[in-house]
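*Asks:*
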Ligand SMILES: Cc1cc2nc3c(=O)[nH]c(=O)nc-3n(C[C@H](O)[C@H](O)[C@H](O)COP(=O)(O)OP(=O)(O)OC[C@H]3O[C@@H](n4cnc5c(N)ncnc54)[C@H](O)[C@@H]3O)c2cc1C
Ligand SMILES: Cc1cc2nc3c(=O)[nH]c(=O)nc-3n(C[C@H](O)[C@H](O)[C@H](O)COP(=O)(O)OP(=O)(O)OC[C@H]3O[C@@H](n4cnc5c(N)ncnc54)[C@H](O)[C@@H]3O)c2cc1C
Ligand SMILES: Cc1cc2nc3c(=O)[nH]c(=O)nc-3n(C[C@H](O)[C@H](O)[C@H](O)COP(=O)(O)O)c2cc1C
Ligand SMILES: Cc1cc2nc3c(=O)[nH]c(=O)nc-3n(C[C@H](O)[C@H](O)[C@H](O)COP(=O)(O)O)c2cc1C
Ligand code: FES
Ligand code: FES
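Set out below in structure tokens:
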């Protein structure tokens, strides 16, 4: 049983990766100690005790340094919360709740994946969907697996974390909507092209916008490739209490709750 | 006609005077250019566009440097707004509306005051009521007037601006509730004692909590000393629009509005 | 402002759908120093009563989370004072004027309507049956269909001016009340006035306001106001002036999409004197981005 | 916790006047990991219906200024699922349990009451006649005195458990509704449930929620909730569980001073898992500072 902490941490680094993408690193040793790839953290972005914004904001762990007691989140500024988060200064306090949710199931834990000598793993990221993949890739590479990453974004300048993921030893294929014409501009087209080219994988993980996830699900289903998805849904508590973060179940009626049943789910479990 | 500006300024200094008293200096040349002693400024203390706190906060001008384009406010942290204000960092933007209201009437402009070769002026401050007196004292001293200050506070460490006011050449008498017994512990007792001792003044100005102002008014009335008060009332607009900052008129029925008819009023005009 | 924001309300041509909300704009003088009042579709002035009123005693304002409770109590110079001292200024500025009127009795309302009928510079009357800050009358008229209809009927008889009736949100079924005032000849519906709220000082252990209750406004109430505008827009066919917490162009757009022909900005003026021009600019860009040629095309389009 | 916070509600001894509000605390499991549940006077569980419910489709949450709109739609395991799977945990923890019940018909309410009557571990029923998020029933029962009284009467007949009736704030006269449920045998009144609110997405130009409307809660609604508690406390003699936006001990104290015997904390739990213990500590210090020996001495003391 993971234990969830509501911890007052300290911001120890603020990085500006592109004009709209930022990384914030927080020293919060109790949260960092138990964080796993694919889990997330709820961050209070405004001043302590401020009601604006009211809710905490969910972000995937983008870096986890359990020993150093720190973690990072990688995000795009889209509204009030992220705008405040990027402006918090190094040295300031910041309250966070985590680690939350179920992370990625690694191949050795996974039953869905067929036996393979050296399983080959595929990561598919759209936009900020890249955020949780660095810790996942690190774990996969540590287990000696071969990892490929298909990574799509609007602009090539939006391709955050690309260099670092390459440096882990991943095969990285990128596409952006800028290079229309030349090669696939959408990551789902890139995925189809890769599979059509004969590349074979034993397990896939995808993270990105809803529409992209649903397209990736279709392609993987056709090629019988087991797929885990990291979902997003509007959240309040992050704890399974408010029942606000519902996501339709695929088989039985009713809903999963992204904060506790996810954010990582097997693609066949959900309707997208 | 003074023109009121809604100006985005820059915080250029943050001083901690005591654990609960702070001074913030803002570069906002359009406001600073026209600010007069006794006027005030409405400051947005939270993040830009934040709804918490919703209202701007009123503060007296504590320093005015019209040429340098800056002004300062001196304040005690009492709630959300002042807590945020003290944490704004040097270099950060800050929006302010001002100069607002009617400032102090100087002796040469004043009809209420009898003719006197070299008029002698008395300032009476209680607690944060000291805030508007530095610019006033500067103006009075520049006009060659003799100025005395009676200044009361809870603790001697709360006596902000005392040294600076002395340095202007004021006679300064202080009292605090710490030194109970020895000498008057309340500034109104100090005032009575001063007058009983035979000191004579031509004009008085007082600023401080409501109860103190009403006691000062009584004493001054008894000794026929013309008195101006700087009032506080809860405000929203600061512009005379919302009619929220009412203060009972003394003679006719109805109300003054502290933001436009004040904050400085003649004591006999208001019920306290 | 371009043509994109022009609109027409009860026979008036307005330069924009953005109005001031009563009581948060005085009589326009203060804002005229910040920008040209003709940016506004109309100035809705502070509530006017038959005789001058001093307003309420004691503290009048309480800040709450994203909200403001006021207990002004309709401080105003009375209808004659308004006509003599405030109206000429607005007339000269060339902006349409909507006069917000309040009475203690139905007769006071009709007397006010009669007195303002035909006064040059007055474009429309806003019948405030929803002020929570006066002892008699006020909000009570807005609490039931019968009393709301009664006031509307009487006022209607005494003026040829277009009438908008300003509803109270402190009711179970605002759509029915809207329908009953429409039936009595209201040309337009304004909503919402403030929600009844209160605060207690935990140190003195007493209500903060002398009248115990005051009116809550500001961003906090926007979701409730928007819902009520949606409900009323589904119930009446006269135009709607929507308000309650509007602070940004997005807020204004939500009310328009819900079915408001015009919007009024109240509390936001008190926090930012440029609130209205900023909202106008944002709305105009929104119209362009939506590929529409006029804001009018967007009225009610979330109801489709 | 010391004796300063202990209180008595409808025959139950409570360790503190601070309860959880229904739907914002699950069945207590998650908060049990953060602190001892016996800090709470009682756990009010997520609303239970006769049969399991999946809840509403589409997006369920919208953040608003200092507020939250929810459209959960009473997702719950049904009364049998609750008794079998959730109740034993709470019973074992030794905290009083108040079961919040909702029905589509008056008969469903009474059937729920009958089923829960005498079930070990259930201390009280909270009759939710104010849920804005279900199509039939729900809030409709709380909209008029007659329907509120009718449900109360029927439920009263089917259980010996103490009953609290949870009122809707979306009404003109909440005090009358409180009186009519008191007359039908309610032992206590809970208020407020959420205010009906909505949001529109200006990009898609559609309401954000599938059901168009949802329930607004959080700090934004506190001034309204406090006013309603004040009104109801002046109208009934049964105890009151006050709620709506309580996020700090000061908020809780305001409701108690207004006349609430107990307070319930809802949305604040979702923002800070330690909201309830922090409020308890603050209240206890407040009692001491006020020179009182018990929080009970402060109930209603702003009304003097
Ligand atoms: C499990 C999970 C992990 C996430 N990880 C990341 C990440 O690593 N990097 C990243 O950039 N973003 C991530 N997101 C999305 C991120 O939470 C939103 O971008 C962020 O909440 C926006 O807040 P805001 O105040 O800036 O925007 P606003 O639009 O002002 O937010 C308004 C409300 O909507 C919610 N909201 C807005 N967008 C989203 C969204 N996409 N998903 C869920 N709620 C949303 C906010 O939390 C808030 O409650 C994640 C979301 C979830 C659910
Ligand atoms: C004309 C004028 C000049 C002032 N000058 C100074 C000054 O120079 N130095 C200083 O320390 N204080 C001054 N004050 C008081 C100062 O405005 C308040 O201390 C400040 O608003 C508190 O804000 P807060 O958010 O920290 O407190 P909170 O208590 O959280 O504020 C809640 C609400 O009450 C209002 N409020 C609280 N206290 C007062 C008060 N005493 N007067 C008016 N409104 C209040 C706030 O503006 C806000 O709307 C002045 C007030 C006025 C009206
Ligand atoms: C200080 C103040 C004074 C008000 N005075 C009036 C008034 O005189 N007549 C009226 O009909 N409404 C009055 N209102 C209500 C507003 O016109 C408006 O209906 C309400 O505040 C909601 O809009 P907002 O949230 O944008 O302020 C007043 C509101 C405030 C805040
Ligand atoms: C997510 C959520 C779910 C809720 N579910 C219920 C419920 O099942 N039954 C009920 O009576 N009230 C429910 N409520 C209302 C709360 O119990 C409470 O009355 C309301 O939220 C006001 O309190 P607050 O502002 O402290 O949240 C719910 C509120 C929220 C925010
Ligand atoms: S966010 Fe509350 S249950 Fe998932
Ligand atoms: S603060 Fe609005 S009139 Fe004075």
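Residue numbers (the working numbering), protein chains in the order written: chain A, 1 to 272; chain B, 273 to 544; chain C, 545 to 848; chain D, 849 to 1152. No residue lacks a Cβ here, since even glycine has one placed at the ideal position from N, Cα and C. Please read these numbers as outputs of a predicted model, since none were measured by experiment.
Does DSSP put residue 840 of chain C in a helix, in a strand, or in coil?
*Replies:* helix
*Asks:* Starting from the Cα of residue 1034 of chain D, find the closest Cα among D:1021, D:1144, D:1007, D:1059 and give me that residue.
*Replies:* Selected option, being the one with the closest Cα: D:1007.
*Asks:* Under the criterion of a Cβ to heavy atom distance below 8 Å, does residue 62 of chain A qualify as lining ligand 1?
*Replies:* In this structure, residue 62 of chain A has its CB closer than 8 Å to one or more heavy atoms of ligand 1.
*Asks:* Quick check: is any heavy atom of ligand 2 less than 8 Å from the C-beta of residue 503 of chain B?
*Replies:* yes
*Asks:* Quick check on residue 941 of chain D - is its C-beta less than 9 Å from some C-beta in chain C?
*Replies:* no
*Asks:* How big is the Cα-Cα spacing for residue 849 of chain C and residue 991 of chain D?
*Replies:* Residue 849 of chain C lies beyond the residue range present for chain C, which begins at 545 and ends at 848; the question has no answer from this structure.
*Asks:* Is the shortest distance between the beta-carbon of residue 1047 of chain D and the beta-carbons of chain C less than 9 Å?
*Replies:* For residue 1047 of chain D, the answer is yes, since a Cβ of chain C falls inside 9 Å of its Cβ.
*Asks:* Is residue 276 of chain A close to chain D, meaning its C-beta is less than 9 Å from at least one C-beta of that chain?
*Replies:* Summary: the structure shown does not reach residue 276 of chain A, with chain A confined to residues 1 through 272, and so no result is reported for it.
*Asks:* Using DSSP with H/G/I as helix, E/B as strand and the rest coil, what is residue 99 of chain A?
*Replies:* strand
*Asks:* Can you list every residue whose CB sits closer than 7 Å to some heavy atom of ligand 5, going in chain order?
*Replies:* Selection output, chain order preserved: A:235, A:236, A:237, A:238, A:239, A:240, A:241, A:242, A:243, A:244, A:245, A:257, A:258, A:259, A:260, D:1118.
*Asks:* Using a beta-carbon distance below 9 Å, is residue 562 of chain C in contact with chain B?
*Replies:* no
*Asks:* Sorted by chain position, which residues of the same chain lie with C-beta nearer than 7 Å to residue 923 of chain D's C-beta, five sequence neighbours on each side aside?
*Replies:* 901, 902, 903
*Asks:* Could you spell out the range, first to last residue, of the beta strand (DSSP E) harbouring residue 296 of chain B?
*Replies:* 293-299
*Asks:* Skipping 5 residues on each side, what residues in its chain have a beta carbon closer than 7 Å to that of residue 301 of chain B?
*Replies:* Cβ neighbours of residue 301 of chain B within its own chain (closer than 7 Å, five residues either side excluded): 341.
*Asks:* Would you list, in chain order, the members of the region 599-610 of chain C that have their beta-carbon closer than 9 Å to a beta-carbon of chain G?
*Replies:* Going by chain labels, chain G is absent from the structure shown, which instead holds the protein chains A, B, C and D.
*Asks:* Residues of chain C with a CB under 7 Å from the CB of residue 526 of chain B: which are they?
*Replies:* Simply 598.
*Asks:* Give the residues of chain D in contact with residue 716 of chain C, contact being defined as C-beta atoms less than 7 Å apart.
*Replies:* Neighbours of residue 716 of chain C on chain D, chain order: 991, 1018, 1019, 1020.
*Asks:* How would you list, in chain order, the residues of chain A whose beta-carbon sits under 9 Å from the beta-carbon of residue 1122 of chain D?
*Replies:* Chain A residues near residue 1122 of chain D: 6.
*Asks:* Is any non-hydrogen atom of ligand 7 found closer than 8 Å to the C-beta of residue 1096 of chain D, if you look at the structure I gave you?
*Replies:* Ligands in the displayed structure: ligand 1, ligand 2, ligand 3, ligand 4, ligand 5 and ligand 6; ligand 7 is not one of them.
*Asks:* Note the first and the last residue of the continuous beta strand (DSSP E) segment covering residue 146 of chain A.
*Replies:* 146-153
*Asks:* Return no unless some Cβ of chain B is closer than 9 Å to the Cβ of residue 57 of chain A.
*Replies:* no
*Asks:* Roughly how many angstroms separate the alpha carbons of residue 354 of chain B and residue 157 of chain A, rounded to a whole number?
*Replies:* 40 Å
*Asks:* Figure out for me which residue from D:918, D:1045, D:886 has the closest Cα to the Cα of residue 866 of chain D.
*Replies:* D:886
*Asks:* Roughly how far, in whole angstroms, is the beta-carbon of residue 964 of chain D from the beta-carbon of residue 943 of chain D, given that I think they are within contact range, below 8 Å?
*Replies:* Actually they are not in contact, since the Cβ atoms of residue 964 of chain D and residue 943 of chain D sit about 17 Å apart, beyond 8 Å.
*Asks:* Based on DSSP bridge pairs, tell me the residues matched to residue 477 of chain B.
*Replies:* B:395, B:500
*Asks:* Can you look up residue 42 of chain A in the DSSP assignment and give me helix, strand or coil?
*Replies:* In this structure, residue 42 of chain A counts as strand in the three-state DSSP scheme.
*Asks:* To which residues of the same chain is residue 1 of chain A closer than 8 Å at the C-beta, ignoring the five residues directly before and after it?
*Replies:* Here the model assigns residue 1 of chain A a pLDDT of 48, short of 50, so the residue's position is not dependable, and the following value carries that caveat. Hits under 8 Å: none found.
*Asks:* Just to check my reading of the structure: residue 593 of chain C and residue 646 of chain C have Cβ atoms closer than 8 Å, yes? What is that Cβ distance to the nearest angstrom?
*Replies:* 5 Å
*Asks:* For residue 1079 of chain D, collect the residues of the same chain with a Cβ closer than 7 Å to its Cβ; drop the 5 residues on either side in sequence, then sort them by chain order.
*Replies:* So the list reads 1022, 1023, once near-sequence residues are dropped.
*Asks:* Check whether the Cβ of residue 565 of chain C sits closer than 8 Å to any heavy atom of ligand 3, and report yes or no.
*Replies:* yes
*Asks:* What first and last residue would you give for the alpha helix (DSSP H) that runs through residue 334 of chain B?
*Replies:* Counting along the chain, residue 334 of chain B falls outside any alpha helix (DSSP H), and DSSP gives it neither H nor E.
*Asks:* For chain A, find out if any of its Cβ atoms is closer than 9 Å to the Cβ of residue 1118 of chain D; answer yes or no.
*Replies:* For residue 1118 of chain D, the answer is yes, since a Cβ of chain A falls inside 9 Å of its Cβ.
*Asks:* Do you know offhand how far residue 1002 of chain D's Cα is from residue 972 of chain D's?
*Replies:* Taking the straight line from one Cα to the other gives about 16 Å.
*Asks:* With a threshold of 9 Å between beta carbons, is residue 612 of chain C in contact with chain B?
*Replies:* Chain B has a Cβ within less than 9 Å of the Cβ of residue 612 of chain C.
*Asks:* If we call anything under 9 Å between Cβ atoms a contact, is residue 34 of chain A one with residue 132 of chain A?
*Replies:* Cβ atoms of residue 34 of chain A and residue 132 of chain A: not closer than 9 Å.
*Asks:* Give the straight-line distance between the Cα atoms of residue 1069 of chain D and residue 210 of chain A, rounded to the nearest whole angstrom.
*Replies:* 33 Å
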